[in-house]
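Chains as they are written, first to last, in this note's numbering: chain A, 2 to 330; chain B, 2 to 330. Glycine included, each C-beta is placed from N, C-alpha and C at the ideal position.
There are 2 protein chains.
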Amino acid sequence: MHDVAAHAGVSTATVSRALSGQRPMSPELRERVLLAANTLGYRVNLLGRALRRKRTSSVGLIVPDLDNPFFSSLAQHVGRSFGPSSIDVFTYSADSDLDRERRGVQSFIGRQVDGLVIIPSHEEGSAENITLASESVVTIQFDRRVPSMDTHFVGCDNRHGMKLVSTHIHDHVDLARQPLIYVGAAPVSSSAHERLDGFTKAFPHSRRMLGPFSAEWGQRAAMQLLEEETRSATIVAAADVIALGCMNALQSRGLRVPEDFRVIGFDGVGVAFLAHPSLTTVRQPVEAMTTSILELILNGLDEGVEGRRRSVRHKPELLVNGSSPARFV
Amino acid sequence: MHDVAAHAGVSTATVSRALSGQRPMSPELRERVLLAANTLGYRVNLLGRALRRKRTSSVGLIVPDLDNPFFSSLAQHVGRSFGPSSIDVFTYSADSDLDRERRGVQSFIGRQVDGLVIIPSHEEGSAENITLASESVVTIQFDRRVPSMDTHFVGCDNRHGMKLVSTHIHDHVDLARQPLIYVGAAPVSSSAHERLDGFTKAFPHSRRMLGPFSAEWGQRAAMQLLEEETRSATIVAAADVIALGCMNALQSRGLRVPEDFRVIGFDGVGVAFLAHPSLTTVRQPVEAMTTSILELILNGLDEGVEGRRRSVRHKPELLVNGSSPARFV
DNA sequence: CTGAAAGCGCTAACAA
DNA sequence: TTGTTAGCGCTTTCAG
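Take a look at the structure:
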């Protein structure tokens with residue numbers, strides 16, 4: 002900056018003003034400075050700027066696992082929502098590990114992000130990391146929430162999603178002829194918790210199998226059903242990846258979807274519609290959710306860590322497709 | 002830091018030494034400082050540290066699109082490879098847009114990352130962004146390369162991958178009975194380019210259909226084939242997402258895979274194996290690739306922008322699955 | 001409208 | 001081993 006100032010024959014203060022744009026100054030001088038900066042190939046050091054301004058124009062996003070298509074899709078959409086703002090979103094994967102998650106939090110707050118969005122890896126285990134974050138920066142729990150944390154929350158109404166599923170089932174499935182089975186996720190995250198809860202409310206007497214949020218678990222669960230000689234059922238999965246795992250295992254053993262097994266997912270990830278038949282699933286309103294995040298962060302910029310906490314839940318919708326169609330009642 | 006120093010009755014320099022760990026100091030004092038820092042809830046400001054040290058312990062990763070399972074999987078693995086190091090990886094999605102890509106580059110170099118890994122969005126369009134990056138920081142092009150850029154490159158040997166495909170086809174497919182069709186990607190990225198090239202070398206007279214790297218394109222291409230009354234073919238796709246799109250469209254119209262249509266993918270993304278039948282595909286050696294990235298960055302830390310450029314290509318492998326099995330010659 | 005100067009938080013010489 | 005001090009690059013009062 003010193004060099005640019007010298008080259009343009011002005012002070013560094015003027016260079017700063019010319020480059021950051023805000024302050025009033027003569028267009029002629031600004032022009033000269035911009036030219037000088039250009040010819041010298043000068044690039045502002047955002048570290049210096051941030052140190053002085055106490056604002057980095059960045060927000061951190063911590064996800065449990067970028068290999069999970071739902072989380073990576075969320076990451077994509079968060080970035081897109083912040084596009085029009087002057088804030089950059091950086092994503093960090095915790096690799097489903099609480100230590101890595103903490104490292105991410107510490108790194109982001111150390112780097113003074115203006116906001117931190119976190120999809121907690123674990124319903125209880127993440128508590129301490131989230132506390133750490135929320136002490137230093139406006140923090141938003143996203144998609145999943147650790148109960149009784151003093152942060153914002155943005156997510157979807159999972160119980161309502163399960164209600165949509167139960168309506169669909171009551172309308173189109175003959176429960177007397179076919180068992181109903183929940184291939185769910187163990188309630189170690191709030192979304193798993195709420196979906197299990199929603200299912201149980203709707204179908205208190207139906208069987209529930211619980212594992213991790215993974216395709217492998219879906220495959221394993223389906224194999225177990227087949228080993229038990231189950232040849233027909235309606236499977237409600239806690240996530241699309243689980244549903245896809247189930248379908249794969251069933252179809253590999255020659256069972257038909259939806260004739261033998263209906264399969265219903267949750268999330269609405271893109272690949273769910275590439276399966277054959279494509280998946281009936283509860284789509285989370287991702288755009289609405291990420292818009293809420295943007296709003297909360299922009300607000301937080303003014304209010305700081307002190308502002309009133311908000312909890313925003315958007316309603317999902319049911320997409321009826323071939324894996325559980327609206328016919329043969 | 003000042004407060005911590007006062008509370009522990011030492012100088013800020015001592016606080017710094019206690020917290021950064023490196024310099025020799027009496028364990029007793031260190032203990033006292035750590036205690037003081039703890040009780041005051043002090044967190045280092047990494048911006049200040051970086052400004053002084055001229056090192057941020059961070060690398061940026063720019064991907065075209067986090068919604069593409071292949072890119073998000075790469076992002077996940079890059080982060081994992083850097084786990085043992087003290088460097089944090091931050092991912093930024095360019096949203097398949099050259100302006101967003103430039104914004105990402107500017108943001109990362111402005112924030113003084115120690116290294117920048119970029120999957121270019123476009124074979125030519127990204128050139129200027131990559132130049133921008135490589136002027137300020139050690140830059141690695143990943144997975145795709147813009148030709149004649151003065152940066153490192155890490156990727157996979159796409160031509161060799163296509164050779165594996167052609168061997169598989171020659172061994173197991175009767176080309177006289179079934180047309181061979183390449184549902185590829187237009188050569189706007191080097192990987193698309195090289196795969197097309199590899200296919201053309203092996204099968205100069207086969208039909209080639211080119212579009213974007215997306216499932217929709219795969220679906221569209223398959224529909225077109227069906228409209229043309231093609232009822233049987235071996236489809237080589239330029240990417241798994243394209244292959245999955247093809248399979249979906251074919252199966253939706255009642256065609257069978259692999260009996261009517263063989264389908265072969267490229268990349269080896271996780272969801273490819275959840276399709277039914279699961280996809281025969283060329284798996285990119287992701288772990289080896291991200292390990293190379295780590296090495297190049299660690300080297301670059303010492304050598305800086307001046308070091309000799311390296312180009313590393315790892316060999317992929319063919320995974321034979323149900324969508325194009327090794328039978329019926 | 002522009003310049004001089006202080007200082008954001010930290011670390012590395014250098015001195016003690 | 002510890003303290004003093006300068007300064008990383010930037011912006012923003014405060015004067016002029």
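_DSSP-derived helix/strand/coil call for Phe262(A)_ = Translated into the one-based positions of the first sequence, residue 262(A) becomes position 261. If DSSP states are grouped into helix, strand and coil, Phe262(A) belongs with the strands.
State the beta-bridge partners of Glu318(B) as determined by DSSP.
Translated into positions along the second sequence, residue 318(B) becomes position 317. For Glu318(B), which the question treats as bridged, DSSP gives the partners Arg284(B).
Determine the chain A residues that contact Asp66(B) at a beta-carbon separation under 7 Å, and present them in chain order. Residue numbering aside, residue 66(B) sits at position 65 when the second sequence is read from its first letter. The contacting residues are Gln77.
### Message
Using the three-state DSSP reduction, which class does Leu133(A) fall into: helix, strand or coil?
### Response
One-based indexing of the first sequence puts residue 133(A) at position 132. DSSP places Leu133(A) in helix when its eight states are reduced to three.
Q.
Our contact map puts Ala244(A) next to Leu280(A) with C-beta atoms below 8 Å; I'd like the distance itself, whole angstroms only.
A. In the first sequence, residue 244(A) corresponds to position 243, counting from 1. In the first sequence, residue 280(A) corresponds to position 279, counting from 1. Yes, Ala244(A) and Leu280(A) are in contact; Cβ-Cβ is about 6 Å, under 8 Å.
Note to self: Once DSSP output is grouped into helix, strand and coil, what is the label at Gln225(B)?
What the structure shows: Walking along the second sequence from the start, residue 225(B) turns up at place 224. It is helical.
At a CB-CB cut-off below 8 Å, which residues of chain A make contact with Ile236(B)? Counting from 1 along the second sequence, the entry for residue 236(B) is found at position 235. None at all; the shortest Cβ gap to chain A is about 15 Å.
Open item on the list: Suppose you measure from the CA of Arg104(B) to the CA of Ser82(A); what does that come to, to the nearest Å?
Closed with: Locating residue 104(B) in the second sequence gives position 103, counting from the first residue. Locating residue 82(A) in the first sequence gives position 81, counting from the first residue. Their backbone Cα atoms lie some 15 Å apart in a straight line.
- Near Met150(B), what residues of its chain come up, given a Cβ to Cβ distance below 6 Å and the 5 sequence neighbours on each side ignored? Position 149 of the second sequence, counting from 1, holds the residue named residue 150(B). Ile131, listed in sequence order.
* With His153(A) as the anchor, note down where its alpha helix (DSSP H) starts and where it stops. => Along the first sequence, one-based indexing puts residue 153(A) at 152. His153(A) -> not in any alpha helix (DSSP H); beta strand (DSSP E) instead, spanning His153 to Cys157.
Taking only the alpha-carbon atoms, compute the straight-line gap between Val64(A) and Thr40(A) and give it to the nearest angstrom. Here residue 64(A) refers to the residue found at position 63 of the first sequence. Here residue 40(A) refers to the residue found at position 39 of the first sequence. Approximately 41 Å, taken between the alpha carbons.
Subject >> Contacting positions in the stretch 262-277 of chain A - beta carbon closer than 8 Å to chain B >> reply: Within the stretch 262-277 of chain A, the qualifying residues are Gly271, Val272, Phe274, Leu275, Ala276 and His277.
Item to complete: List the residues of chain A whose Cβ lies closer than 9 Å to the Cβ of Ser253(B), in chain order.
Response: Within the second sequence, the letter at position 252 stands for residue 253(B). Those are His277, Pro278, Ser279 and Gly323, listed as they occur along chain A.
Among Asp98(A), Ala6(A) and Thr291(A), whose alpha-carbon lies nearest the alpha-carbon of Gln142(A)? Indexing the first sequence from 1 puts residue 142(A) at position 141. When only C-alpha atoms are compared, the closest one is Thr291(A).
| request: Leaving out five residues on either side along the sequence, give the residues of the same chain with a beta carbon under 6 Å from the beta carbon of Tyr43(B). | output: Indexing the second sequence from 1 puts residue 43(B) at position 42. Contacts found: Val5.
Q | Chain-order list of residues whose beta-carbon lies under 7 Å from that of Asp261(B) (same chain, five-residue window excluded) | A | What you label residue 261(B) is simply residue 260 of the second sequence in a count that begins at 1. Closer than 7 Å at the Cβ level, and outside the excluded window around Asp261(B), lie Arg232 and Ser233.
Going by DSSP, what residues sit across from Met210(B) in a beta bridge? Working through the second sequence from its first residue, we reach residue 210(B) at position 209. DSSP output for Met210(B) lists Val184(B) as bridge partner(s).
List, in order along the chain, the chain A residues whose C-beta lies closer than 7 Å to that of Ile110(B)? The count along the second sequence starts at 1 and reaches residue 110(B) at position 109. Arg44, listed in chain order.
*Verify the CB distance criterion: does Asp89(A) have a CB-CB separation below 9 Å to chain B?*
On the first sequence, position 88 is the one that residue 89(A) refers to. Closer than 9 Å to the CB of Asp89(A) there is at least one CB belonging to chain B.
inquiry  = Within the continuous alpha helix (DSSP H) that includes Val34(B), where are the two ends?
reply    = Residue mapping note: residue 34(B) aligns to position 33 of the second sequence, counting from 1. Start and end: Pro28 to Leu41.
Quick test of your reading: Ala76(B) and Thr92(B), contact by CB under 8 Å. State the CB separation rounded to the nearest angstrom.
For the purposes of this step, residue 76(B) is taken as residue 75 along the second sequence, with counting starting at 1. For the purposes of this step, residue 92(B) is taken as residue 91 along the second sequence, with counting starting at 1. That belief holds up - the Cβ atoms of Ala76(B) and Thr92(B) are roughly 5 Å apart, short of 8 Å.
Return the chain-ordered list of same chain residues with a C-beta closer than 6 Å to the C-beta of Ser1(A), the five sequence neighbours on each side being excluded. No information on residue 1(A) is available, as it lies outside the stretch 2 to 330 that chain A covers here.
Exercise for the section: Could you give the DSSP three-state label for Ala234(B): helix, strand or coil? Expected result: Taking the second sequence and counting its residues from 1, one reaches residue 234(B) at position 233. In the structure shown, Ala234(B) sits in a strand (DSSP, three-state: E or B).
List, in chain order, every chain A residue whose beta-carbon is nearer than 8 Å to that of Tyr93(B).
Taking the first residue of the second sequence as 1, we reach residue 93(B) at position 92. The answer, in chain order, is Gly80, Asp89, Val90, Phe91 and Thr92.
(message) Is it buried or exposed, Val306(B), if we count other Cβ atoms within 10 angstroms and call 16 or more buried?
(response) Taking the second sequence and counting its residues from 1, one reaches residue 306(B) at position 305. Flag for Val306(B) reads exposed.
Going along chain B, which residues have a C-beta under 8 Å from Arg101(A)? In the first sequence, counting from the first residue as 1, residue 101(A) sits at position 100. Correct list: Gly84.
In this structure, how does DSSP classify Leu62(B) when only helix, strand and coil are distinguished?
Here residue 62(B) is taken as the residue at index 61 of the second sequence, counted from 1. Residue state, collapsed to three classes: strand.
- request: Please list the partners that Gln179(A) has in chain B, where partner means a Cβ-to-Cβ separation under 9 Å.
  value: As a first step, residue 179(A) is located in the first sequence; it is residue number 178 there, counting from the start. Correct list: empty, because the minimum Cβ distance to chain B is about 21 Å.
**Asked** Between Arg311(A) and the rest of its own chain, which residues show a CB-CB distance below 6 Å, the 5 nearest in sequence each way excluded?
**Response** Translated into positions along the first sequence, residue 311(A) becomes position 310. Only His153 meet the Cβ criterion.
- Item | Segment limits, beta strand (DSSP E) that includes Arg91(B) | Against the second sequence, residue 91(B) aligns to sequence position 90. According to the sequence provided, residue 91(B) is Phe. The question's Arg does not apply to it. From DSSP, the beta strand (DSSP E) with Phe91(B) extends over Asp89 to Ser94.
Exercise for the section: Pair every Cβ in the stretch 182-190 of chain B with every Cβ in the stretch 204-223 of chain B, then say whether three or more of these pairs are closer than 8 Å. Expected result: Yes: at least three Cβ pairs fall under 8 Å.
Name, please, each residue of chain A whose Cβ falls closer than 8 Å to the Cβ of Asn249(B). On the second sequence, residue 249(B) is found 248 positions in, with the first residue counted as 1. Residues of chain A passing the Cβ test: Phe274, Leu275, Ala276, His277 and Ser279.
Using only alpha-carbon positions, find the residue among Asn46(B), Gly49(B), Leu48(B) and Ser12(B) that is nearest to Leu31(B). The count along the second sequence starts at 1 and reaches residue 31(B) at position 30. Checking the sequence shown, residue 31(B) turns out to be Arg, not Leu. The candidate whose alpha carbon is nearest that of Arg31(B) is Ser12(B).
Buried or exposed, going by whether 16 or more other CB atoms sit within 10 Å of the CB of Asp268(B)?
For the purposes of this step, residue 268(B) is taken as residue 267 along the second sequence, with counting starting at 1. It counts as buried.
| message | I need the straight-line Cα distance from Ser87(A) to Leu297(B), nearest angstrom please. | response | As a working note, residue 87(A) is residue 86 in the first sequence. As a working note, residue 297(B) is residue 296 in the second sequence. Computed Cα separation, rounded: 32 Å.
Check your understanding: Would Gly212(B) count as contacting chain A if we go by Cβ distances under 9 Å?
Key -> For the purposes of this step, residue 212(B) is taken as residue 211 along the second sequence, with counting starting at 1. So, not an interface residue.
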